[in-house]
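What follows is one structure encoded as structure tokens, with my remarks underneath.
In UniProt numbering, the protein residues as written are 1 to 156.
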């Protein structure tokens with residue numbers, strides 16, 4: 001049976017292949033799945049909201065539009081990105097509680113993700129495996145040297 005071996009540099013291995021394998025192993029780890037099931041069971045019954053409360057939760061606290069929201073990391077108040085940028089250009093404090101936003105950059109904001117925007121874990125796992133296999137397939141193949149004995153009539 002002939003196995004195609006691929007050649008990767010040490011840099012390629014430690015930058016791409018090894019972290020990919022660690023992530024893929026971590027995602028499929030039984031303990032993590034078990035922990036997520038426990039967490040989802042524990043918190044699924046808590047916080048059941050009515051339709052009116054869900055609509056109110058989805059809208060921005062300033063413009064009252066149902067836009068995607070960002071959450072301020074210090075005080076955890078949420079508002080849409082447009083209102084945040086407008087408010088931030090005029091003030092250095094939270095529009096709701098007036099806590100300081102001096103050390104908060106736009107990279108520190110948390111983005112609220114809708115349920116419809118999330119991707120299932122098995123799909124992510126499948127795409128990661130496919131990406132890793134495509135990368136490995138692009139590596140150069142190691143061609144084994146042919147094992148043959150040259151004919152030398154003078155050697156017995």
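For every residue, glycine included, the Cβ atom is placed at its ideal position computed from N, Cα and C.
Boundaries (first-last residue) of the alpha helix (DSSP H) holding residue i
i: residue 79; result: Premise fails: residue 79 lies in the beta strand (DSSP E), 78-80, not in any alpha helix (DSSP H).
i: residue 4; result: Per DSSP, residue 4 belongs to no alpha helix (DSSP H) and is neither H nor E.
i: residue 65; result: Note, residue 65: premise wrong, no alpha helix (DSSP H); not H, not E.
i: residue 92; result: Counting along the chain, residue 92 falls outside any alpha helix (DSSP H), and DSSP gives it neither H nor E.
i: residue 124; result: 121-138
Integer-rounded CB distance, given that residue j should sit under 8 angstroms from residue i
i: residue 93; j: residue 101; result: 6 angstroms
i: residue 99; j: residue 63; result: 21 angstroms between Cβ atoms; not a contact.
i: residue 142; j: residue 11; result: So it is not a contact: roughly 17 angstroms between Cβ atoms.
Residue burial classification, residue i (beta-carbon count within 10 angstroms, cutoff 16)
i: residue 4; result: exposed
i: residue 140; result: exposed
i: residue 69; result: buried
i: residue 97; result: exposed
i: residue 83; result: buried
i: residue 72; result: buried
Proximity winner among the options, relative to residue i (alpha-carbon distances)
i: residue 85; options: 75, 74, 97, 107; result: 107
i: residue 204; options: 121, 23, 138; result: Residue 204 is absent from the model: the chain starts at 1 and stops at 156.
i: residue 127; options: 13, 21, 110, 41; result: 21
i: residue 87; options: 23, 60, 19; result: 60
i: residue 89; options: 66, 104, 13; result: 104
i: residue 124; options: 97, 91, 25, 138; result: 25
i: residue 131; options: 33, 67, 17, 13; result: 17
i: residue 23; options: 40, 129, 135; result: 129
i: residue 67; options: 143, 13, 112; result: 112
i: residue 65; options: 10, 73, 78; result: 78
Where the beta strand (DSSP E) containing residue i begins and where it ends
i: residue 104; result: Element bounds for residue 104: n/a, residue is neither H nor E.
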